[in-house]
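This report refers to the structure that appears directly beneath it.
2 protein chains.
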Amino acid sequence: MTRFSIFSRIPCPRMARYFPIFHWLRFYSRRDLNGDLFAGVITAILLIPQGIAYAMVAGLPVQMGLYASILPPFFYALTGTSRVLSVGPVSIAAIMVLTALSTPEVSALGNPMESAVILAAEGGIILLLMALFRLGGIVKLISHPVLTGFTSGAAILIILSQLSHVIGVQFKSCEPELSCLATTLTNFNATALLLAGTTLLIMLCFGKPLAYVLERLSFSEAIAVGLSRCAPILAVFGTSTAVYWFDLNGLFNVAVVGDVPAGLPRLSLDFIGSPKWQMLLPFSAMIALIAYIESVAISKVVANITRQKIDPNQELIALGGANLMTALSGGMSVAGGFSRTMVNFSAGARTQLAMLVAVSIVTIAMLFFTAGFYFIPKATLAAIIIMAVLPLVRLNSIIKTWRYDNCEGASEVVTLLGVLLLGIEEGLAIGVIMTFVSHIRKVSHPHIAVVGRVPGTEHFRNERRHTVQTWDTLLLLRIDESMTYHNIIFIEEFVNGELTQHPDARSVVLIFASVSNIDATALEVLVNLNKELSLANIKLCLSEVKGPVMDRLERTEFLAQLTPERVFLTTEQAVKTLLD
Amino acid sequence: MTRFSIFSRIPCPRMARYFPIFHWLRFYSRRDLNGDLFAGVITAILLIPQGIAYAMVAGLPVQMGLYASILPPFFYALTGTSRVLSVGPVSIAAIMVLTALSTPEVSALGNPMESAVILAAEGGIILLLMALFRLGGIVKLISHPVLTGFTSGAAILIILSQLSHVIGVQFKSCEPELSCLATTLTNFNATALLLAGTTLLIMLCFGKPLAYVLERLSFSEAIAVGLSRCAPILAVFGTSTAVYWFDLNGLFNVAVVGDVPAGLPRLSLDFIGSPKWQMLLPFSAMIALIAYIESVAISKVVANITRQKIDPNQELIALGGANLMTALSGGMSVAGGFSRTMVNFSAGARTQLAMLVAVSIVTIAMLFFTAGFYFIPKATLAAIIIMAVLPLVRLNSIIKTWRYDNCEGASEVVTLLGVLLLGIEEGLAIGVIMTFVSHIRKVSHPHIAVVGRVPGTEHFRNERRHTVQTWDTLLLLRIDESMTYHNIIFIEEFVNGELTQHPDARSVVLIFASVSNIDATALEVLVNLNKELSLANIKLCLSEVKGPVMDRLERTEFLAQLTPERVFLTTEQAVKTLLD
Numbered sequence: 009m010t011r012f013s014i015f016s017r018i019p020c021p022r023m024a025r026y027f028p029i030f031h032w033l034r035f036y037s038r039r040d041l042n043g044d045l046f047a048g049v050i051t052a053i054l055l056i057p058q059g060i061a062y063a064m065v066a067g068l069p070v071q072m073g074l075y076a077s078i079l080p081p082f083f084y085a086l087t088g089t090s091r092v093l094s095v096g097p098v099s100i101a102a103i104m105v106l107t108a109l110s111t112p113e114v115s116a117l118g119n120p121m122e123s124a125v126i127l128a129a130e131g132g133i134i135l136l137l138m139a140l141f142r143l144g145g146i147v148k149l150i151s152h153p154v155l156t157g158f159t160s161g162a163a164i165l166i167i168l169s170q171l172s173h174v175i176g177v178q179f180k181s182c183e184p185e186l187s188c189l190a191t192t193l194t195n196f197n198a199t200a201l202l203l204a205g206t207t208l209l210i211m212l213c214f215g216k217p218l219a220y221v222l223e224r225l226s227f228s229e230a231i232a233v234g235l236s237r238c239a240p241i242l243a244v245f246g247t248s249t250a251v252y253w254f255d256l257n258g259l260f261n262v263a264v265v266g267d268v269p270a271g272l273p274r275l276s277l278d279f280i281g282s283p284k285w286q287m288l289l290p291f292s293a294m295i296a297l298i299a300y301i302e303s304v305a306i307s308k309v310v311a312n313i314t315r316q317k318i319d320p321n322q323e324l325i326a327l328g329g330a331n332l333m334t335a336l337s338g339g340m341s342v343a344g345g346f347s348r349t350m351v352n353f354s355a356g357a358r359t360q361l362a363m364l365v366a367v368s369i370v371t372i373a374m375l376f377f378t379a380g381f382y383f384i385p386k387a388t389l390a391a392i393i394i395m396a397v398l399p400l401v402r403l404n405s406i407i408k409t410w411r412y413d414n415c416e417g418a419s420e421v422v423t424l425l426g427v428l429l430l431g432i433e434e435g436l437a438i439g440v441i442m443t444f445v446s447h448i449r450k451v452s453h454p455h456i457a458v459v460g461r462v463p464g465t466e467h468f469r470n471e472r473r474h475t476v477q478t479w480d481t482l483l484l485l486r487i488d489e490s491m492t493y494h495n496i497i498f499i500e501e502f503v504n505g506e507l508t509q510h511p512d513a514r515s516v517v518l519i520f521a522s523v524s525n526i527d528a529t530a531l532e533v534l535v536n537l538n539k540e541l542s543l544a545n546i547k548l549c550l551s552e553v554k555g556p557v558m559d560r561l562e563r564t565e566f567l568a569q570l571t572p573e574r575v576f577l578t579t580e581q582a583v584k585t586l587l588d
Numbered sequence: 009m010t011r012f013s014i015f016s017r018i019p020c021p022r023m024a025r026y027f028p029i030f031h032w033l034r035f036y037s038r039r040d041l042n043g044d045l046f047a048g049v050i051t052a053i054l055l056i057p058q059g060i061a062y063a064m065v066a067g068l069p070v071q072m073g074l075y076a077s078i079l080p081p082f083f084y085a086l087t088g089t090s091r092v093l094s095v096g097p098v099s100i101a102a103i104m105v106l107t108a109l110s111t112p113e114v115s116a117l118g119n120p121m122e123s124a125v126i127l128a129a130e131g132g133i134i135l136l137l138m139a140l141f142r143l144g145g146i147v148k149l150i151s152h153p154v155l156t157g158f159t160s161g162a163a164i165l166i167i168l169s170q171l172s173h174v175i176g177v178q179f180k181s182c183e184p185e186l187s188c189l190a191t192t193l194t195n196f197n198a199t200a201l202l203l204a205g206t207t208l209l210i211m212l213c214f215g216k217p218l219a220y221v222l223e224r225l226s227f228s229e230a231i232a233v234g235l236s237r238c239a240p241i242l243a244v245f246g247t248s249t250a251v252y253w254f255d256l257n258g259l260f261n262v263a264v265v266g267d268v269p270a271g272l273p274r275l276s277l278d279f280i281g282s283p284k285w286q287m288l289l290p291f292s293a294m295i296a297l298i299a300y301i302e303s304v305a306i307s308k309v310v311a312n313i314t315r316q317k318i319d320p321n322q323e324l325i326a327l328g329g330a331n332l333m334t335a336l337s338g339g340m341s342v343a344g345g346f347s348r349t350m351v352n353f354s355a356g357a358r359t360q361l362a363m364l365v366a367v368s369i370v371t372i373a374m375l376f377f378t379a380g381f382y383f384i385p386k387a388t389l390a391a392i393i394i395m396a397v398l399p400l401v402r403l404n405s406i407i408k409t410w411r412y413d414n415c416e417g418a419s420e421v422v423t424l425l426g427v428l429l430l431g432i433e434e435g436l437a438i439g440v441i442m443t444f445v446s447h448i449r450k451v452s453h454p455h456i457a458v459v460g461r462v463p464g465t466e467h468f469r470n471e472r473r474h475t476v477q478t479w480d481t482l483l484l485l486r487i488d489e490s491m492t493y494h495n496i497i498f499i500e501e502f503v504n505g506e507l508t509q510h511p512d513a514r515s516v517v518l519i520f521a522s523v524s525n526i527d528a529t530a531l532e533v534l535v536n537l538n539k540e541l542s543l544a545n546i547k548l549c550l551s552e553v554k555g556p557v558m559d560r561l562e563r564t565e566f567l568a569q570l571t572p573e574r575v576f577l578t579t580e581q582a583v584k585t586l587l588d
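Residue numbers (the numbering used here), protein chains in the order written: chain A, 9 to 588; chain B, 9 to 588.
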């Protein structure tokens, strides 16, 4: 294995920080090159039909998906911290663009292509601004269950949107009446359905069955992987040849992609002067946020396997820049695509050089082969999209989440239903709010255990779960949460409630082992509680107070009111002292 | 002490639940009656000028404040759970009503009296709905520092709004120009200023100085308290007699209260048909929320002293009903007033019978003595208001909060400045959002300690704060916060970071003593972390897992992946087992 290095040292450390490509190029080996070349070809074979298909999902001319597959992945390759993420048009962003473009206000403005470009530009600027203010942490607003519910819902919407292409009818012209819907359905195009069915069959056969056969025939793994990934291009090639040969579009009215302008995208900044920026802002912010979250999630899956590191802030820069690039070249919004990244990785990609290879192939295709795109049937593309997004519908995850935590399972279901019934943005917003509310609810009702000593040890455990030693004059309460304005009333009432049940108690020890923070509201309540208990001749004591909490309590009058012998390092010390 | 009981037993337990008056009437004693009668008279003496004054603050005719002092406190006396809370017009609600009525949209609708009645009715309905859905917990959205900043800011606004009455000029006609302002100020009314000054002097002298004198003269405490509370009525009586006698309003242009319609309020539901309901909704919601929070806070202060219990949900019903009553009788929004409640309590009130006495006196005054209100100078009322709200300006609280927690101190300052510069509602909203964001920030960056064994014990403590025993092959991490989607990435990165600093570590023990909850997102990250560490041949172990957390983990595959011998009851066991 020979190792050749393009740069013997990093030209400038600062440059390497913003252009991670200089990091890995230093240690680039011939073996890396082999993997990257092969993966690049395979990814390009997927990138072209996906570019066309996702533009179709977004209701945009196909070249906008293809343009988005050139400059943006190129830019990401230079600046991204993930070595295998495949940036380009993605299904979720595509359906979100469609949603934005179909709202009455936006569609009233006309020129959807310009609107799509502005969505991408604005999203890019938002991501760059987030990088500037180091706001990558905003992803913490969305929990996994909500994200899963959201992607499942969006994927179902995508599948539904593609069904009309599969059966070759247009629902749009139809009023939403059942009788009319039935008429439309009976007028389905059998040829389109046949083409879609063939595509599905090819894609299914090229999955596990082909892998099994190739393994039996002792093909090398690389070739097996490569062949199995060729299904989409084979389906596209086969069905469009059939359309061309038998004139299916003329004779049987099969919808095809049609003319795709040849040549590279023309760079343009015309969109800057448009008055649409303000109206599109909420949509572009949502698209940018989801694009970023999905991309980082995908990057992390792969980075965890290869033990590489993703820098969330640099990802904001890379994805923000990629979206500005797509706007500059007249393409649609981009993000890291799950299926493409997985194909890229499993085909052996080791660095972003694979994506540079893929970009070159897309560029060559745009220059010389656009004429060949004319006869690609839309039914085939719809079938490819459905197969691509099907793994995103993870309904079993709902059951899993529900079993672990009913509240979170409910958030997942509500997000999914919200996306399906109310709309993409609305569903996500409801999910985020619901998780938030349930989080606050949980924090507001902390677990508090009445504890006793495990006989013969210095350990104190919940008296309901363990056989423990307790004392009438002594109440030991372990508070299992930080004390904040959300929950301090609950805690106060719990303490008072337990005291009425333990009328002989002369001391209450609050075990602070789990208390990491006491906010100003909680402190005030504690001060009052101490005063009230003093009047009732009951001593309030603390034990196992953590360092940071103690540091802050020392700045208050509360500790002075609790005379020092009422704050104990361990609960055992408290018990010994107070029982004396 | 004879004890006489009006009801020998509670007529119907259900009724007693919604009408707490039946509870305390059962055990009513003659001594209670003495206290209540005296306190009722004293409170009535305060209630009448406050009713007039707060109507003035809200920019409403004075009878609206007086009407609000009859039916609402009567209703609260029957239904409220606080025995001494004095419900009626209050300063903060008054300034909030003024804010609502002065917004351009609302003032454009005309008829401010109708708008004020609708504000009260709508607030009442909101509180009753909150009671229905048991949403009393909504108060947890507002922390003490924010509430203090808010009341301080609102009190400053009230004082500023009264200054024009003190100096006897009208700012409203003046353009906001400094030269004009100066002209207005130089045109101050010396007589008004003199009356206000006299009032302030009387109120100051009737405070500590009088109490001291009476104590020296061995007067009984009750009489001393009673006399010292008479300052407002004495000032009102004295200054209005002076106005009447010397014709100050005619000769020196001193502004007076003027005609107050005699007689009891006419009950009316005319306001129901008004089209203003929707526009006033945000204002009434805010007023209702603040009225509720302030009332419960005041009730609790007194209830804690007398060891009585406040039921937050019943308070929603009582205050909601009281606000409906005020609307029905054409009054302004009501709440529990701090100064009045304190006067009521310190004058010896033992039950709500004191307020029933006060209500009777107000009723008699409305029937027979309204003519006497004509000559009350506005300057006197302004001085009384200023003295009443001055204790609400608690700027020293900011310093105290800041010293304890900079973030919370900042929230308090921002709320106060927001109220002063942006407006009442805006300031409160900013404060609530700011506390929320800083809460999330804190939770997102949990404290994690690398711990070691305190030599010779089974205790494990932070290695930075204590001299402890550590081992190269063993990394012990105590996670001081529940693991949620807000902070799990931080925790994961912390663990990975510590592992790079402890390259020889073969086991990581996560000490879960402070972990009360692991949400679905965090669980997913833990599962992945365990897989990655397994690949790197590092054992992930848990210790001190709490019962509820363990119960839920047992439903997951995570525990199966961690073979049983990697979950330890105590950290000591973990250390012994893993070092073998």
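All C-beta atoms, glycine included, are put in the ideal place defined by N, C-alpha and C.
In this text the structure is predicted, and so the values were computed from the model without any measurement.
What are the partner residues of residue i, as DSSP defines its beta bridges?
i, result
"W253 (chain B)", "Per DSSP, none; premise fails for W253 (chain B)."
"F576 (chain B)", "B:S551"
If you draw a straight line from the C-alpha of residue i to the C-alpha of residue j, how long is it?
i, j, result
"L143 (chain A)", "M121 (chain A)", "30 Å"
"Y493 (chain B)", "I150 (chain A)", "7 Å"
"V154 (chain A)", "V310 (chain A)", "22 Å"
"L570 (chain B)", "N525 (chain B)", "18 Å"
"F566 (chain B)", "E130 (chain A)", "41 Å"
"F468 (chain B)", "W410 (chain B)", "32 Å"
"S77 (chain B)", "F291 (chain B)", "22 Å"
"L86 (chain A)", "L136 (chain A)", "16 Å"
"L109 (chain A)", "S90 (chain A)", "31 Å"
"A335 (chain A)", "S307 (chain A)", "23 Å"
"L171 (chain A)", "N261 (chain A)", "17 Å"
Terminal residues of the continuous alpha helix (DSSP H) containing residue i?
i, result
"K554 (chain A)", "Taken as a continuous stretch (DSSP letters only), K554 (chain A) belongs to no alpha helix (DSSP H), as it is neither H nor E."
"N414 (chain B)", "N414 to L429"
"G215 (chain B)", "Neither: G215 (chain B) is in no alpha helix (DSSP H) and is coded neither H nor E."
"I384 (chain B)", "Element bounds for I384 (chain B): n/a, residue is neither H nor E."
"P590 (chain A)", "Past the edges of chain A, shown from 9 to 588, lies residue 590 (chain A), and the structure says nothing about it."
"Q71 (chain B)", "V70 to Y75"
"I52 (chain A)", "Sequence check: residue 52 (chain A) is Ala here, not Ile. That run of the alpha helix (DSSP H) goes R38 to V65."
Measuring from the CB of residue i, is there a heavy atom of the ligand MN at a distance below 7 Å?
i, result
"L275 (chain B)", "Judged by which ligands are present, the structure shown has none, so any question about the ligand MN falls away."
So, for residue i: in the same chain, excluding its five sequence neighbours on each side, which residues have a beta-carbon less than 8 Å away from its beta-carbon?
i, result
"G246 (chain A)", "T206 and I210"
Excluding sequence positions up to five away, which residues of its chain have a Cβ less than 6 Å from the Cβ of residue i?
i, result
"E573 (chain B)", "none"
"G59 (chain A)", "G73, L74, S77 and P97"
Which residue spans inside the segment 431-518 of chain B form an unbroken alpha helix (DSSP H) run of at least 4?
432-452 and 496-509
Could I get the ranges of all uninterrupted alpha helix (DSSP H) runs contained in the segment 87-136 of chain A, with 4 residues as the minimum, in chain order?
99-110 and 112-116
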